[in-house]
Amino acid sequence: MNIAQAALAALFWVLALWRLPAALRNPAQRGLCACLLSLAASASMGLAADTDLIDWAVGIPDASILFRHWSGLLYTAFALDTALAMACPAAHRRTRTPHAAVVGGGLLASLALYLCFPWPLVPQDFTQACQRSTAYCTTANLYAVLYPAYLATAAAILAFLAWTYSRRTRAPWLRIGLKVLAAAMALGAVTSLVRSVLGTARLLGTEALLDWHSVKPLVWTVYALALIGCAIPLCGIAAQRMLDRRALRHLLPLWSALTRHAPGIVLPTPPGTVPRLRLHRLVIEIHDARLALTPYTSPALHRHAARTAQATGLTGRQLDALTTALVLRAAHRTKESGCDPRIPPAAADPPTPANLAINLDFAAEVKQLRTLSRAYNSATARAYAPDLIARGPAECQ
621 MNIAQAALAA LFWVLALWRL PAALRNPAQR GLCACLLSLA ASASMGLAAD TDLIDWAVGI
681 PDASILFRHW SGLLYTAFAL DTALAMACPA AHRRTRTPHA AVVGGGLLAS LALYLCFPWP
741 LVPQDFTQAC QRSTAYCTTA NLYAVLYPAY LATAAAILAF LAWTYSRRTR APWLRIGLKV
801 LAAAMALGAV TSLVRSVLGT ARLLGTEALL DWHSVKPLVW TVYALALIGC AIPLCGIAAQ
861 RMLDRRALRH LLPLWSALTR HAPGIVLPTP PGTVPRLRLH RLVIEIHDAR LALTPYTSPA
921 LHRHAARTAQ ATGLTGRQLD ALTTALVLRA AHRTKESGCD PRIPPAAADP PTPANLAINL
981 DFAAEVKQLR TLSRAYNSAT ARAYAPDLIA RGPAECQ
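Given below as structure tokens:
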């Protein structure tokens, strides 16, 4: 057994089983998971040891060949169906039924050929074992032409879609994964086309320049590239979720402090379990809480906070974050002391991007709020508001 091929098949199973829980929860993920499971089965049945084990377990000669054909049809069909559903929903709705009919016909045709084969002459592949002109061999050779022709067509469409959308996406991990997947599908289309040409030559009774076994190693190259192309986006999503959870942990203290003084801005519905959605909601509620505390600030308070922040020697974004943190601390103390708002709510500035410093780049906005959270929990900020309140609010008027 080739260790590299066995490792590749095992990695396909790991990737497929990793996506299985998400597929059970989300119907949109089921096509991708079914594709990965079919790929894993196809790669496993390409191993000699697994082939012998399947034949022994089923008790039917070369049943693994039939199952491998089915797996090849299914993973190509699921991949094409999923890609069309995401890229061209209208075309997917029009072609879904005819596509299912073609795939079903391929499954039935391979089963019929398998059942009709004269099994005393056990071949290596029941679709490529005939050289003489008989009705069975003609049908088998025709299947050996059409089956890889379908694989080549589907792989070419997938390569085109993957390459096209790799140039449109902004996420680097998705862009790289789609390009690798496009390369895998392009190589798969070429390999299947060669197989179809060889079947055509056998059907016409002519001598082919190449033998299928000479290009068969390319199949494992296609498997390897497909595995890498699928794994990069999935690992990128997992890494992004880890970063989102980390950002949530860093922003939660700031959110808790701000919403404690403005509880009305917290939405009653739970935010769910998706880290990115929770992070979006946390950022929105932090900005709403800052807006709710705006009436308890004043221009003099901003100037006093700026002078205090400058005295620490900070510059740039750290200085701006500390100034904002000091203002928020003072606004908290003013509200807790029971004082009336220094700015009437009607006269407060509206929630515009200018006065809330909202950045349309969400990653940059999260980074800015993490800097603010660190500044808010710094020793300077914790000592600022109590000292200011102790000297009385008149000094900040």
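Each residue of the sequence shown is one higher than the one before, counting from 621 in our numbering.
Even glycine gets a Cβ: it sits at the ideal position worked out from N, Cα and C.
Exposure label - residue i; buried when at least 16 CB within 10 Å
i, result
"L635", "buried"
"A967", "Below a pLDDT of 50, predicted positions are generally treated as unreliable, and A967, at 46, falls in that range; no measurement from the model is reported."
"F632", "buried"
"C736", "exposed"
"T758", "exposed"
"F982", "exposed"
"P970", "Note on P970: pLDDT 47, under 50, position unreliable in the model; no value is reported."
"G726", "buried"
"N761", "buried"
"M665", "buried"
"I852", "buried"
"L897", "exposed"
"C708", "exposed"
"L637", "exposed"
"A867", "buried"
"P647", "exposed"
"T928", "buried"
"M862", "exposed"
"L644", "exposed"
"R790", "exposed"
"R949", "buried"
"R815", "buried"
"T935", "exposed"
"R953", "buried"
"T826", "exposed"
"T696", "buried"
"V839", "buried"
Start-to-end residues for the alpha helix (DSSP H) that takes in residue i
i, result
"C855", "837–881"
"R815", "792–824"
"V723", "709–736"
"L640", "623–645"
"T944", "936–956"
"A663", "650–664"
Helix, strand or coil at residue i [DSSP, three-state]
i, result
"L1039", "Summary: the structure shown does not reach residue 1039, with the chain confined to residues 621 through 1017, and so no result is reported for it."
"T1000", "helix"
"T917", "coil"
"I680", "coil"
"G692", "helix"
"A931", "coil"
"D675", "helix"
"T893", "coil"
"R787", "coil"
"L766", "helix"
"L700", "helix"
"D981", "coil"
"L667", "coil"
"A967", "Any reading at A967 must be qualified, since the residue scores a pLDDT of 46, below 50, and its modelled position is unreliable; the value itself is stated next. Helix at A967."
8 Å contact criterion, which residue i and residue j should meet: CB distance rounded
i, j, result
"G651", "A721", "So it is not a contact: roughly 18 Å between Cβ atoms."
"L700", "A846", "No, L700 and A846 are not in contact; Cβ-Cβ is about 13 Å, not under 8 Å."
"W875", "I906", "5 Å"
"Y734", "L686", "5 Å"
"L813", "R639", "L813 to R639, Cβ: 30 Å. No contact."
"R801", "A782", "Looking at the sequence shown, residue 801 is not Arg but Leu. The pair is a contact, with the Cβ atoms about 5 Å apart (cut-off 8 Å)."
"T1000", "T944", "Not confirmed; about 13 Å, so no contact."
"L911", "L871", "Going by Cβ atoms, the distance from L911 to L871 rounds to 17 Å, so no, they are not a contact pair."
"A809", "A779", "6 Å"
"S691", "A661", "4 Å"
"A941", "T991", "4 Å"
"Y767", "H712", "Going by Cβ atoms, the distance from Y767 to H712 rounds to 23 Å, so no, they are not a contact pair."
"V842", "A804", "5 Å"
Residue i at chain B interface by Cβ criterion, 8 Å
i, result
"R795", "In the structure shown, chain B does not exist; there is a single protein chain."
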